[in-house]
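Residue numbers (the numbering used here), protein chains in the order written: chain A, 1 to 291; chain B, 1001 to 1291.
Every residue, glycine too, gets a C-beta built ideally from N, C-alpha and C.
There are 2 protein chains.
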Amino acid sequence: MHEDDVARSAQLALLLEVSAYPKPGNVDRTHDFRDTSYEHFLASSVALYPVFREAAVRGNAGEPGVGALVRKGVEASIAWQRGGNTHFGALLLMIPLAMAAGAYPALDLAKLPRSAAEIMRNTTVDDAIEVYRAFPKAKVKVRRSVPELDVMDDASIEAIMKKQLTLFEILSISASYDLISRELVGGFTLSFRFAALVTEYARESRINDAITHTYLQLLAAEEDTFITLKFGPEKSRYVRDRAKQLVATGCSRDELEAFDAELVGAGLNPGSSADIIAAALFISILGGLRF
Amino acid sequence: MHEDDVARSAQLALLLEVSAYPKPGNVDRTHDFRDTSYEHFLASSVALYPVFREAAVRGNAGEPGVGALVRKGVEASIAWQRGGNTHFGALLLMIPLAMAAGAYPALDLAKLPRSAAEIMRNTTVDDAIEVYRAFPKAKVKVRRSVPELDVMDDASIEAIMKKQLTLFEILSISASYDLISRELVGGFTLSFRFAALVTEYARESRINDAITHTYLQLLAAEEDTFITLKFGPEKSRYVRDRAKQLVATGCSRDELEAFDAELVGAGLNPGSSADIIAAALFISILGGLRF
């Protein structure tokens, strides 16, 4: 039943992430986006369970398949809800983590970073093609590919085949401007760091507050590249600086709600940060976080 | 992958049910109980996925096991969260439904009522013993067993063995005063009726509002026996009559919130109604409800 524990951990991470509130700028249990509601995230999380389960099984068998699993995840997500992109970034992060977790007993967290990094390093041209096939289906609203492979269609897939680029190689290019790519080629550094933080906070606080505080710490530490790509670097820097202020002053519930209202009003959603928090929660739950 | 679709449908039903708000008197995304929070319900829903999946597989193979699956469900739920009873009633209803759904293609809803009823009629003494083993673990706060078998311990299990009572026979006795037992021995009448209603509402409304309106219609139609057993028949009648008034006047959001605040303040939680709404949503999602 180990594969089910990996899938459960992944799914609970997604559910806790989207439920945590107030979580400045993103969908949470108290507010929806225009086309994407809280319930769309619930349905997508449910849809992904068997995909995470398969990732754990494949990881256990030492089989490849990051790209195919990401594509399956996107297909499952859009088959179960009509709110568009909910989990593309989170899937990219969590599929290799699920494969790595499947390979070892869940509590052997010490081996997880190295194993997940290795799975990413071993990705192939096929993995790249599969992710590029998944991308248009996911309806992601900003570019997350490398500029020269930007038209997410058959043309860029042809280019990948011609140049024989692996998923790792493509992500190594986009790592310069995309937080998720940076995680994927850089050994999931932020995910593991913030997993440790949320685990620590959860010892003292309710799980919801542990998550929102961790999220704010991440916003204060890293510019959200989803915002950079959508609105430019001034905006992502502004969000980071505001988060820094809040962290410095102890971030009361009132201030957090005001920050949330401001970002939601301006349409500034730190989507990459939410994805990393989901990955961090996944690692933390694999490591035994319960409440 | 049919078993995964059954498990997904069951799990999404639980998540949507607990998330719907304002849902007078029960845990929803906007309020917790003292010991049991919204997040405990999320974690419990996640924990139950593989149990629903196994129920579908067993149903497909024509194997018995209602009682063992309920016990497994309770064990999984308490292993994944520390909020006490979250899903005992919903599990009792949804395990036979999942077994029945596993036996046929999900969309063949016409066969589901008869098949689920048959699974319940065929339950054995072993099923009864397993449910009685699960009961103390579930930490249900009111009696849901028959009076003469009330001490949920080895003594009542001995009595079951001595009298050779099947689960169906025990539930036939408690059906006189317990809504869940009545569903289980009476062919899941309310679950199917309110599944049709929520499906109809969801055509016109957001999924959250479709659920809260269906829930209110159920409160107005049936006295909640969880409240009867905990606080007496005057209270359950009062809740039903208030719900009737609200339904008659069109139930505005304000009135719904006031009713919610009143019930939460008095600790009156219509737990059986929530269980039946979860079962109704399960049937509706199996039948193709998407949003």
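Look up residue i in the DSSP assignment and say whether it is helix, strand or coil.
i       : result
B/D1297 : Because chain B here runs from 1001 to 1291, residue 1297 of chain B falls outside it and cannot be looked at.
A/H87   : coil
A/N26   : coil
B/V1140 : coil
A/Y132  : helix
A/R114  : helix
A/A56   : helix
A/F41   : helix
B/F1194 : helix
B/P1270 : coil
A/T166  : coil
A/L289  : coil
A/F259  : helix
A/G186  : coil
A/E63   : coil
A/S176  : coil
A/Q81   : coil
A/A221  : helix
A/S252  : coil
B/G1232 : coil
B/M1001 : Reliability of the predicted coordinates at B/M1001 is poor, the pLDDT of 49 falling under 50, and the value obtained from them is presented with this limitation in mind. DSSP places B/M1001 in coil when its eight states are reduced to three.
B/Y1104 : coil
B/Y1021 : coil
A/N122  : coil
A/R206  : coil
Note down, in chain order, every chain B residue with its Cβ under 7 Å from the Cβ of residue i.
i      : result
A/Q11  : V1046
A/D178 : What A/D178 touches in chain B: nothing, since even the nearest Cβ is about 29 Å away.
A/R301 : Residue numbering for chain A in the displayed model covers 1 to 291; residue 301 of chain A lies beyond these limits and cannot be assessed.
A/R237 : What A/R237 touches in chain B: nothing, since even the nearest Cβ is about 33 Å away.
Name the chain B residues that come within less than 8 Å of residue i, Cβ to Cβ?
i      : result
A/S19  : R1029, Y1038, E1039, L1042
A/D275 : Within 8 Å Cβ-Cβ: nothing; A/D275 doesn't reach chain B, min ~19 Å.
A/R121 : Those do not exist, as A/R121 stays about 31 Å from chain B at its closest Cβ, beyond 8 Å.
A/R133 : Correct list: empty, because the minimum Cβ distance to chain B is about 20 Å.
A/R114 : Those within 8 Å of A/R114 in chain B number zero; the least Cβ separation is about 27 Å.
For residue i, which residues in chain A fall below 8 Å Cβ to Cβ?
i       : result
B/L1016 : E39, L42
B/Q1081 : R290, F291
B/R1058 : Going along chain A, no residue has its Cβ under 8 Å from B/R1058, so there is no contact; the nearest lies around 16 Å.
B/R1071 : Those within 8 Å of B/R1071 in chain A number zero; the least Cβ separation is about 15 Å.
Should residue i go down as buried or exposed, given a rule of 16 or more other Cβ atoms within 10 Å for buried?
i       : result
A/P136  : exposed
A/K163  : exposed
B/A1302 : The structure shown does not extend to residue 1302 of chain B, since chain B is modelled only from 1001 to 1291, so the question has no answer here.
B/R1029 : buried
B/E1222 : buried
A/D275  : buried
B/M1161 : exposed
A/M1    : Summary for A/M1: the model assigns pLDDT 49, below 50, so the residue's position carries little reliability; its value from the coordinates is reported in the next sentence. Classification of A/M1: exposed, given that the 10 Å Cβ count is below 16.
A/L286  : buried
A/D35   : exposed
A/K23   : buried
B/P1050 : buried
B/Q1245 : exposed
A/T214  : buried
B/D1260 : buried
A/K111  : exposed
B/E1183 : buried
Interface residues of chain A around residue i at Cβ under 7 Å?
i       : result
B/D1260 : The premise fails here: B/D1260 is roughly 16 Å from chain A at the closest Cβ pair, so nothing lies under 7 Å.
Determine the chain B residues that contact residue i at a beta-carbon separation under 9 Å, and present them in chain order.
i      : result
A/D127 : Neighbours of A/D127 on chain B: none; closest Cβ ~22 Å, over 9 Å.
A/D154 : Under the 9 Å cutoff, chain B gives no residues; its nearest Cβ is about 28 Å from A/D154.
A/D108 : Correct list: empty, because the minimum Cβ distance to chain B is about 19 Å.
Along chain A, which residues have their Cβ under 9 Å away from the Cβ of residue i?
i       : result
B/L1193 : The question names Leu, but residue 1193 of chain B in the sequence shown is Arg. Here the premise fails: no neighbours, minimum Cβ distance about 23 Å.
Going along the stretch 1034-1049 of chain B in order, which residues come within less than 9 Å of chain A, judged by CB to CB distance? From the stretch 1034-1049 of chain B, only S1037, Y1038, E1039, H1040, L1042, A1043, S1045, V1046, A1047, Y1049 have a Cβ closer than 9 Å to chain A.
The stretch 198-224 of chain A: positions lying closer than 8 Å to chain B by Cβ: Cβ contacts with chain B: R206, I207, N208.
Just by C-beta distance, which residues in the stretch 239-256 of chain A are closer than 9 Å to chain B? Result list empty, no residue passes.
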